[in-house]
Amino acid sequence: MPQLSSKRTSFDFNLPLDYIISKFYEYGYKVTYNKYTGTYNSCCPICHEGKSWGRKKRCFFIPENDNIYCHNCGSSLKPYQWIREVSGMSHDELEEDLEGEVYDVRNDVVPNETPVEVPTLPEDSINLFDPIQVDFYRENLKIKAAVQYIRSRRLDTAINRPDALYISLNDKFQGNRLVIPFKNEEGKIVFYQTRKIFDWDDGPSYLSKPNSDKTLFGIDKINPDKDTVFLFEGPLDSFFVKNAIGVAGINKGNFRFTTTQQEQLQSLTMFRKIWVLDNQWVDETARIKTFQLLDMGECVFIWPKDKKEYKDFNEMCISYGIDGISSSYIKQNSQCGPSAVYKCKLLFGKL
Numbered sequence: 013m014p015q016l017s018s019k020r021t022s023f024d025f026n027l028p029l030d031y032i033i034s035k036f037y038e039y040g041y042k043v044t045y046n047k048y049t050g051t052y053n054s055c056c057p058i059c060h061e062g063k064s065w066g067r068k069k070r071c072f073f074i075p076e077n078d079n080i081y082c083h084n085c086g087s088s089l090k091p092y093q094w095i096r097e098v099s100g101m102s103h104d105e106l107e108e109d110l111e112g113e114v115y116d117v118r119n120d121v122v123p124n125e126t127p128v129e130v131p132t133l134p135e136d137s138i139n140l141f142d143p144i145q146v147d148f149y150r151e152n153l154k155i156k157a158a159v160q161y162i163r164s165r166r167l168d169t170a171i172n173r174p175d176a177l178y179i180s181l182n183d184k185f186q187g188n189r190l191v192i193p194f195k196n197e198e199g200k201i202v203f204y205q206t207r208k209i210f211d212w213d214d215g216p217s218y219l220s221k222p223n224s225d226k227t228l229f230g231i232d233k234i235n236p237d238k239d240t241v242f243l244f245e246g247p248l249d250s251f252f253v254k255n256a257i258g259v260a261g262i263n264k265g266n267f268r269f270t271t272t273q274q275e276q277l278q279s280l281t282m283f284r285k286i287w288v289l290d291n292q293w294v295d296e297t298a299r300i301k302t303f304q305l306l307d308m309g310e311c312v313f314i315w316p317k318d319k320k321e322y323k324d325f326n327e328m329c330i331s332y333g334i335d336g337i338s339s340s341y342i343k344q345n346s347q348c349g350p351s352a353v354y355k356c357k358l359l360f361g362k363l
């Protein structure tokens, strides 16, 4: 293993290629390898692609030129400089890291030209937002009931609704349930959840696609020109707020996000984030989660006392006959950070 010499200038270091690649994967985002050109591509960790983090990938490592270049911010750095810049490591820390000789090299990654495989929906899914498909099944009582469920909960007119909701009449495990598609940043369906809608269904309220990595709901609809994203525990309430996403995995006492969810949350670093939970006045678990999030430095929507009768945003919108809640209303009723814990405990009588 070659050793770094403190007598060299930063432009002279010839780092091992495997080490550079390992660091490119570690600090880049959505890294891909093009086996035809021998180059690596990722979202730029220096400029975060402006407001296009997670959607644009304009940072390239070209081993032949020993250079890492971003077409967005114009940074052009030798690997040693780039690693120092994005990692924050000192020269001595980099030298110590290099001596560890533990590399995570993934040259077997599928090249850019290979299409990404998109998981399918449950068997023979019917789009309940497609009038032609709904009309074809107009005599089917289950389809009629599903359409009525959607309308009664205003899911078809909500301001941030997805392009489609589905139902399968044939799927052995997910049949006769509302299918909620989760799309990635490119608008491709990569995951889904199903929601119980019939009283005779003795299954759990929600089921996820089996053997699949849970993702964020609504990440495809985020507007990069807005300054705030609103994080809901589940997808349905996020239908009613612009620039909102559903984040499943917040459990009382712990937060369990999948690797994909963590990466997607990381892509939202340029936004202010406000968590919107169920009504803390009626849901003890929501209160516990609120204090957890505030302790972590997060911002949380605190339900006004005069809205005690509503469980969540969906229920409130149904009651008022509206299709959405304004972002300003959420911001005005939000508290942030540990300094708000005492105030909220006083509010909810928990002291």
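In my numbering, each residue carries its 1-based index in the sequence shown increased by 12.
The C-beta atom is built at its ideal place from N, Cα and C for all residues, glycine as well.
Which whole-angstrom value is the C-beta distance of residue i and residue j, which I expect to be below 8 Å?
i    : j    : result
I171 : G336 : 4 Å
T302 : V294 : Not a contact, Cβ separation roughly 13 Å.
T240 : N255 : 7 Å
C85  : C55  : In fact, because the Cβ distance is near 12 Å, the residues do not count as touching under 8 Å.
I58  : S102 : With 8 Å as the limit, I58 and S102 do not qualify as a contact, their Cβ atoms being about 18 Å apart.
Measure the alpha-carbon distance for residue i versus residue j and round it to whole angstroms.
i    : j    : result
E97  : P350 : 31 Å
P316 : N345 : 7 Å
G309 : D213 : 40 Å
K208 : P216 : 7 Å
L280 : S220 : 24 Å
K69  : I234 : 17 Å
S34  : V253 : 40 Å
I74  : K47  : 12 Å
P174 : W65  : 22 Å
Y322 : V353 : 23 Å
E76  : D104 : 27 Å
D225 : N196 : 12 Å
R163 : I32  : 54 Å
N124 : F185 : Low confidence applies to N124: its pLDDT is 46, below 50, so where it sits in the model is not reliable, and the reading given next is rough at best. Roughly 35 Å separates the two Cα atoms.
Y81  : D168 : 45 Å
D364 : T44  : An answer regarding residue 364 cannot be provided, because it is not within the stretch 13 to 363 covered by the chain.
V128 : G50  : Here the model assigns V128 a pLDDT of 42, short of 50, so the residue's position is not dependable, and the following value carries that caveat. Approximately 20 Å between the Cα atoms of the pair.
D136 : L89  : 51 Å
M282 : K154 : 44 Å
Y41  : I257 : 20 Å
A260 : D318 : 27 Å
I29  : E108 : Reading off the sequence, residue 29 comes out as Leu, not Ile. Approximately 17 Å, taken between the alpha carbons.
K248 : N326 : First, the residue type needs correcting, since residue 248 is Leu and not Lys in the sequence shown. Their Cα atoms are separated by approximately 7 Å.
C329 : F72  : 47 Å
Could you tell me if residue i is buried or exposed, where buried requires 16 or more neighbouring beta carbons within 10 angstroms of its beta carbon?
i    : result
F148 : exposed
W94  : buried
I144 : exposed
L305 : buried
H60  : buried
G246 : buried
Q278 : exposed
D232 : buried
E151 : exposed
D120 : At D120 the pLDDT is 43, less than 50, meaning the model places this residue with poor confidence and gives no usable figure here.
R189 : buried
R166 : buried
L110 : buried
Y332 : exposed
E113 : Caution applies to E113, whose pLDDT of 49 falls short of 50 and renders its modelled position unreliable; the value that the coordinates give is listed next. Its Cβ having fewer than 16 others within 10 Å, E113 is exposed.
Y52  : buried
G199 : exposed
S340 : exposed
D116 : At D116, the pLDDT of 46 sits below 50, so the modelled position is not reliable and the matter cannot be decided from this model.
S250 : buried
N223 : exposed
Would you say residue i and residue j are within 8 Å of each other, going by their C-beta atoms?
i    : j    : result
A12  : L140 : Missing from the structure shown is residue 12; the chain here goes from 13 to 363 and no further.
L133 : Y161 : no
D324 : D290 : yes
T392 : Q274 : Coverage of the chain is limited to positions 13 through 363, which leaves residue 392 absent and any answer about it impossible.
F360 : R299 : yes
L243 : W287 : yes
S99  : Y39  : yes
P91  : L181 : no
C348 : I314 : no
F210 : I201 : no
By DSSP's criteria, residue i is part of a beta bridge. Which residues make up the other side?
i    : result
P193 : Y204
K285 : V241
Y178 : N139 and V191
W65  : K68
C311 : I286 and C348
Y45  : Y52
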